[in-house]
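Chains as they are written, first to last, in the working numbering: chain D, 1 to 409; chain V, 410 to 818.
Even for Gly, the Cβ is constructed at its ideal location relative to N, Cα and C.
Below is one structure, written out as structure tokens; comments come after it.
Protein chains: 2
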Amino acid sequence: MALIVQKFGGTSVGSVERIASVAARVKQHRDQGDDLVVVVSAMSGETNRLIALAREISDKPNPREMDVLVSTGEQVTIALLCMALHEIGCAARSYTGSQVHIRTDSAHSKARIMDIDRARVRADIESGRVVVVAGFQGVDEQGNITTLGRGGSDTTAVAMAAALEADECQIFTDVDGVYTTDPRVEPKARKLDRITFEEMLELASLGSKVLQIRSVEFAGKYNVPLRVLSSFEDSGAGTLITLEEEGVEAAKISGIAFNRDEAKLTIRGVPDQPGVAYKILGPVGEANVEVDMIVQNIAEDGTTDFTFTVNRGEYEKAREILERESAELGAREVVGDNRIVKISLVGVGMRSHAGIASRMFAALSEEAINIQMISTSEIKISVVVDEKYLELGVRALHQAFGLAEESTA
Amino acid sequence: MALIVQKFGGTSVGSVERIASVAARVKQHRDQGDDLVVVVSAMSGETNRLIALAREISDKPNPREMDVLVSTGEQVTIALLCMALHEIGCAARSYTGSQVHIRTDSAHSKARIMDIDRARVRADIESGRVVVVAGFQGVDEQGNITTLGRGGSDTTAVAMAAALEADECQIFTDVDGVYTTDPRVEPKARKLDRITFEEMLELASLGSKVLQIRSVEFAGKYNVPLRVLSSFEDSGAGTLITLEEEGVEAAKISGIAFNRDEAKLTIRGVPDQPGVAYKILGPVGEANVEVDMIVQNIAEDGTTDFTFTVNRGEYEKAREILERESAELGAREVVGDNRIVKISLVGVGMRSHAGIASRMFAALSEEAINIQMISTSEIKISVVVDEKYLELGVRALHQAFGLAEESTA
């Protein structure tokens, strides 16, 4: 008898009918003998409805109150799902983030989970109940309601699985697994049966949007086997995300990720001196703006150009901060571009194979795609290009690395 | 500098615009120097929307989960109101029932407040914040979310006022005070400047619907001055509800209440023996069905007829219980009528004046209204009549006791 944590996202619980069908699925699994903890998101559209209400009142709603507001979305779902489970004779009990003590830090709308109270959930499981937990939300030391940010329900699920030492964490989504790239951009994209945490981390963080990045970090850190499945069809085993296994020959490249929501900021002509990077990025980080790629070039005149990318939604905020610092640092100017995208090649095999980068650049060059920034890690290479080249770039790379089904058969 | 608790109901916070106007009103009051605790209900329509979702899933939704569901309604309002207060420069902080430890028993959907944690609210007040509390909800010993039942936000407000030893508890509603009867039924109804807790208790419990009965009980018990005001117009001082004061000559009759939501159940031919009333009503009470009027007649054959009234919404439930007991008790039959209403005459003056009852019965008799049940207390007389006589009966009594404005001038 295994302990499984299952997570159903907003689309899967988007209506009363869908909630009933999630309940049926949960019961079916429960009847096979496994213990289940189910994490759910707000019904699709609900979070946006709540945010819209807040925006009617204020352009910059108070972050603490915003979390009080939006956390009601998941609370509605847990109650409805438990009712649906009771209706078909399946014992179940719901918990909000506060009730099950999902303790987080106090960074409203972007909180991080510190700890989870296992005792209450364990007691329910032992008494035969399915435990239904509100995703995306927690509570800080002072009892304030916090949220983990968009997609945070995945993180809740993995954190629950880690805390309870569950056998598997299953993430039900509207896709049936992880693909070599987004099939809407490249119809030849192929579903992967397995992928490593590291690769998934790069794919998720780079915009594949199947799983929330922090959930994969968590899963990797606590070695929680993670499975991505479709919530709509019985489409088989989905994609299993695990530690890299010996003996399995790693593919050179497992996928191509991309992110449309990028923006680029450059601060030009900063007098080069020790600590300049910190002086630039410190205040940006303090404002809770996440920085992605960072590139610094030293010019011949002893000044430096410093470029980084942020989420497009935080472009204005980051730019404001940078304009203020620019004067203080004696920089020449701040320029930005919020019409860029990032395309990344990901694969653990990259470590042991030279020549991947040059093949990538060649493929893009053949299509006359100008590369604006480059960043590399052990298992990925990312490039920033003009947003108009996104689809063309992804298809060119998918082709160049032979990721399509027919070429790997 | 006084400490005032203000409560705004669902209609007062029924849209983003109305929430903004409540915020403006709160700030205006705050700027005059008083400390404020504001209790709010769910936006009008929201609770019904949530209940409808639950009903789509189940005819009898689990009560614990129902409370988890509907309590989100007020949580949305507290967040939006705080945002609106911040927007106009008024420091404020929201609390759910759990967060401010409104400790209740575990009777889901009908919980009673046992205790409130003062410390957190006091600290906020001392730091200059307006404290915004979700009405209608609490938390039991085990951390389960509970609700106080319809209208429970009034009770929350009074309980907060009592716990904080507030100077006044102001209930903002869609009426500008307490009237001698419902002006929609009798256009000559007159607004009362003052009324005693006892009278208000009878008026509220009998269906005047201005205030929730438990809130008035609480207010009387802790001697919290209670004021009913209009949330839409600056219509003056509303109606103040206080202890009976010496020196003020009490009016014989202060008002006429009525309740359309009544149903009557009779169990006929019960062998009369000690404890029969308990045997009949015990299981009804255990099922959390509230019983209102009770009448028992002993017949000549040594059996007894036992009649009581319940809320119309609980008629079927009570009837089911009664049918079960009927067999056990050896009763002849169970009959019921859910097309009845109750009309009541209320006034502290009744104590010292004989003849009120006979004048009441005479007035109804003149209109040929048949009285089905009678029940009296020190300050009220209630009759049950066919629902078709409601308006006629109320107007006849209003006239007979000279309650209209012109007759008391």
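- Neighbours of D:I19 in chain V, taken as residues at a C-beta separation under 8 angstroms, are given in chain order as I466.
- With contacts defined by Cβ atoms closer than 8 angstroms, D:A219 and D:F197 form a contacting pair.
- Contact annotation: the region 317-329 of chain D touches the region 277-288 of chain D, with at least three C-beta pairs closer than 8 angstroms.
- Listed along the chain, the chain V residues whose CB falls inside 9 angstroms of the CB of D:T72 are S480, T481, G482, Q484, V485, A488.
- Collapsing the DSSP output to three states places V:V477 in a helix.
- V:R593 sits exposed, since fewer than 16 C-beta atoms from the chains shown fall within 10 Å of its C-beta.
- In the three-state scheme derived from DSSP, where H, G and I count as helix and E and B as strand, D:P271 is classed as strand.
- When rounded, the separation of the alpha-carbon atoms in V:P596 and V:L806 is 13 angstroms.
- For V:Q781, the closest Cβ of chain D is not nearer than 8 angstroms.
- Contact of D:C82 with chain V is assigned, a C-beta pair being separated by under 8 angstroms.
- Beta-bridge pairing by DSSP links V:M702 to no other residue.
- Using beta-carbon distances, D:N62 counts as an interface residue toward chain V, with a partner under 8 angstroms.
- In the pairwise beta carbon analysis, the region 107-125 of chain D is classified as not touching the region 46-57 of chain D: fewer than three pairs are separated by under 8 angstroms.
- In the structure shown, D:G285 adopts helical secondary structure according to DSSP, grouped into three states.
- Judged by beta-carbon spacing, V:I780 lies beyond the 8 angstroms limit of V:K673, meaning their Cβ atoms are not closer than that value.
- In the structure shown, D:V224 adopts coil according to DSSP, grouped into three states.
- 8 angstroms or more divides the Cβ of V:V431 from the Cβ of V:V425.
- Between V:L459 and chain D, the shortest Cβ-Cβ separation is below 8 angstroms.
- Residue environment: V:N632 is assigned as exposed (fewer than 16 neighbouring CB atoms within 10 Å of its CB, all protein chains considered).
- In the structure shown, D:L192 adopts extended strand secondary structure according to DSSP, grouped into three states.
- By the C-beta criterion, the region 380-396 of chain D is judged not to be in contact with the region 536-550 of chain V, since fewer than 3 inter-stretch pairs fall below 8 angstroms.
- Taking D:P225 as the centre and dropping the five residues before and after it, the same chain places the C-beta of E168, T242 closer than 6 angstroms to its C-beta, in chain order.
- Sorting V:C499, V:D443, V:T513 by C-alpha distance to the C-alpha of V:D476 places V:T513 at the top.
- Here V:V704 has T716, M782 as same chain residues with Cβ atoms under 6 angstroms from its own Cβ, once five neighbours each way along the sequence are excluded.
- For V:Y798, there is no enclosing beta strand (DSSP E), as DSSP marks it with neither H nor E.
- Here the alpha carbons of V:A736 and V:D714 stand approximately 15 angstroms from one another.
- Membership of D:A92 in the beta strand (DSSP E) is indicated by the continuous run 92-95.
- Per the C-alpha coordinates, the member of V:H517, V:L799, V:I511, V:V539 positioned closest to V:R527 is V:I511.
- Rounded to whole angstroms, D:G9 and V:R473 show a C-alpha spacing of 23 angstroms.
- For V:L412, the pairing in a beta bridge is given by DSSP as V:D444.
- Counted as a single uninterrupted DSSP element, the alpha helix (DSSP H) harbouring D:M200 occupies residues 197-203.
- The C-alpha of V:S507 lies about 8 angstroms from the C-alpha of V:G552.
- Neighbours of D:L53 in chain V, taken as residues at a C-beta separation under 8 angstroms, are given in chain order as V425, V485, L489.
- Beta-bridge partners of V:F667 (DSSP): V:I752.
- Interface criterion met: the Cβ of V:H495 is under 8 angstroms from a Cβ in chain D.
- Under a 10 Å Cβ-count criterion, D:G238 is classified as buried, with 16 or more other Cβ atoms of the shown protein chains found around its own Cβ.
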